[in-house]
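Participant: Position in the sequence shown (from 1) plus 311 gives the number in the numbering used here.
Submitted below is the structure of interest, expressed as structure tokens.
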Amino acid sequence: MRKTVAIVSLRFNPAFLQHLIAFAKAVRELGLEPQFLLDREYERFSELTQVAPMCHSYERSSATAWSHAIFLNASTGNPELAMALHRDNVKIVYVYHEPWHMSGQYFWSEGIIGTAKAIAAHRLTVPVLKLSATVILESRFGMRMYEQADARYNSNYVYFPQIYDDDVQVELSDLVHGKRYFSFLGTLCRSHGFDQYLGFMLGALERGADLRFLIASRNALPPSLEKDARFQQSRDRIEIRCGRPLTNDEMNRCYAESFCVWNVYRRSTQSGVLPKAMMFGTPVLASAAGSFPEYVRDGENGRFVDAEQTDAILSALEDIQRNIPSYAANCRKSFRDNFFYQSQVPELRLILR
């Protein structure tokens, strides 16, 4: 009987859908059987069960088949599950998305509530780190952060980028056609610079810039925005898809329809928006912070900008629109080389050896 690798996400987050699918497909390419151990909220996504069987609780009998369990995100249920798996000799691989790094800069970017959540998540994470056979860091920047704080809990850690399946089913020339939005996609939060994106959007519209904007998130828009006169006056140039979890197809459409995506974050160890944008041949505007310099090549697959420099952002967007075919080709290559799961199968083989 072939060994089974469990892929675990006990806290629902639709953003992890593609990670789940990519890991399952990569595991199968290694000649192993994937199985999902997931929060019940994931049942709404039928594409998961098309890739691997799903369960919602750990049965000890599973230990006879499971060789590894790959934890994809933090959850209150992780420590108890990790202890059970450890007792049953199942090797744990923990994907550490947000390595611990408390500082004044962190507090400034996240605020009081975000910092409190991070502290709680870290307390849940430490027991799992201690029980893991391997800890995965998704950027070299994140790996340096891990070495400064949490490597004392587990010294067996590796760099392994976020992996995705490739959802693009058209030729590059067809992909370039129809890109019309400068978009903010994902969580509407301070650390992602959403306030700065809004400031640029409203200012650019007030100046008469020839741009269309798209905001897509499961979060609702802040009520103050709906009352903004500039927002209301330019509503025909702003597409809003917010307030509920979007399906993978809906999010793919957002990336495909964007000629550029905002990645001018205040802080990031690895942006999930970046690989998805590059998958769809969509360059990003990025800050030269965190992990972005590892993946963004200025003038090739994106542009580095200062969030407060409106003129520089407008100039960068004009350059991208003017040269979108070459930007798109470079983005697709960056995605295939770094984030497509098949390119990382040899590295996963070493992790699961």
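C-beta: ideal position from N, C-alpha, C; glycine also.
With DSSP as the reference, label M312 as helix, strand or coil.
Facilitator: Along the sequence shown, read from residue 1 onward, the residue named residue 312 stands at position 1. Any reading at M312 is ruled out, since the residue's pLDDT is 48, under 50, leaving its predicted position unreliable.
Participant: Assuming I381 and V406 are in contact, meaning their beta carbons sit under 8 Å apart, how far apart are those beta carbons, in whole angstroms?
Facilitator: Here the question's residue 381 lines up with position 70 in the sequence shown. Here the question's residue 406 lines up with position 95 in the sequence shown. Between V406 and I381 the Cβ distance is about 7 Å, and since that is below 8 Å, they are a contact.
Participant: Let me know if D617 comes out buried or exposed under the rule of 16 or more other beta-carbons within 10 Å of its beta-carbon.
Facilitator: Residue 617 sits at position 306 when you count from the first residue of the sequence shown. Answer is exposed; the Cβ neighbour count stays below 16.
Participant: Which residue from K441, L396 and F542 puts its Cα closest to that of R371?
Facilitator: Along the sequence shown, read from residue 1 onward, the residue named residue 371 stands at position 60. That would be L396, whose Cα lies nearest to the Cα of R371.
Participant: Report buried or exposed for I403, applying the criterion of at least 16 other Cβ atoms within 10 angstroms of its Cβ.
Facilitator: Start at 1 with the first residue of the sequence shown, and residue 403 comes out as number 92. It is buried - the Cβ of I403 has at least 16 other Cβ atoms within 10 Å.
Participant: State the Cα-Cα distance for the pair V469 and E517, rounded to the nearest angstrom.
Facilitator: Taking the sequence shown and counting its residues from 1, the one referred to as residue 469 is at position 158. Taking the sequence shown and counting its residues from 1, the one referred to as residue 517 is at position 206. Going by the C-alpha atoms only, they are around 47 Å apart.
Participant: Run through DSSP, which three-state label would S320 get?
Facilitator: The residue given as residue 320 occupies position 9 in the sequence shown. Correct three-state label for S320: strand.
Participant: Could you check the C-alpha separation between Y369 and A385 for me, to the nearest Å?
Facilitator: Locating residue 369 in the sequence shown gives position 58, counting from the first residue. Locating residue 385 in the sequence shown gives position 74, counting from the first residue. Between Y369 and A385, the C-alpha separation is close to 17 Å.
Participant: Run through DSSP, which three-state label would E344 get?
Facilitator: Taking the sequence shown and counting its residues from 1, the one referred to as residue 344 is at position 33. Three-state result, E344: strand.
Participant: Would you mind working out which of F542, V316, F347 and G388 sits nearest R322, comparing C-alpha positions?
Facilitator: For the purposes of this step, residue 322 is taken as residue 11 along the sequence shown, with counting starting at 1. If we check each option's Cα against that of R322, G388 comes out closest.
Participant: Would you kindly work out how many angstroms separate the C-alpha atoms of L486 and L448, rounded to a whole number?
Facilitator: Counting from one through the sequence shown, the residue named residue 486 turns up at place 175. Counting from one through the sequence shown, the residue named residue 448 turns up at place 137. The straight-line gap from Cα to Cα measures roughly 31 Å.
Participant: Pick out whichever of R608, Y652 and P604 has its Cα sitting closest to the Cα of I631.
Facilitator: Indexing the sequence shown from 1 puts residue 631 at position 320. The option with the nearest alpha carbon to I631 is R608.
Participant: Is there a Cβ from chain C that is less than 8 Å from the Cβ of T558?
Facilitator: Chain labels in this structure do not include chain C; a single protein chain is all it has.
Participant: Drop a sphere of 10 angstroms on the beta-carbon of R633, count the other beta-carbons inside from all chains shown, and report buried for 16 or more, exposed for fewer.
Facilitator: For the purposes of this step, residue 633 is identified with residue 322 of the sequence shown, where counting begins at 1. Exposed: under 16 other Cβ atoms inside 10 Å.
Participant: Use the C-beta contact count for R664: other C-beta atoms within 10 angstroms, 16 or more gives buried, fewer gives exposed.
Facilitator: Start at 1 with the first residue of the sequence shown, and residue 664 comes out as number 353. Flag for R664 reads exposed.
Participant: Sort R398, G601, Q543 and Q544 by Cα distance to S378 and report the nearest one.
Facilitator: If you number the sequence shown from 1, residue 378 lands on position 67. Comparing Cα-Cα distances from S378 to each of R398, G601, Q543 and Q544, the minimum goes to R398.
Participant: Does the region 593 to 602 come within contact of the region 554 to 574, defined as at least 3 CB pairs closer than 8 Å?
Facilitator: Yes, the region 593 to 602 touches the region 554 to 574.
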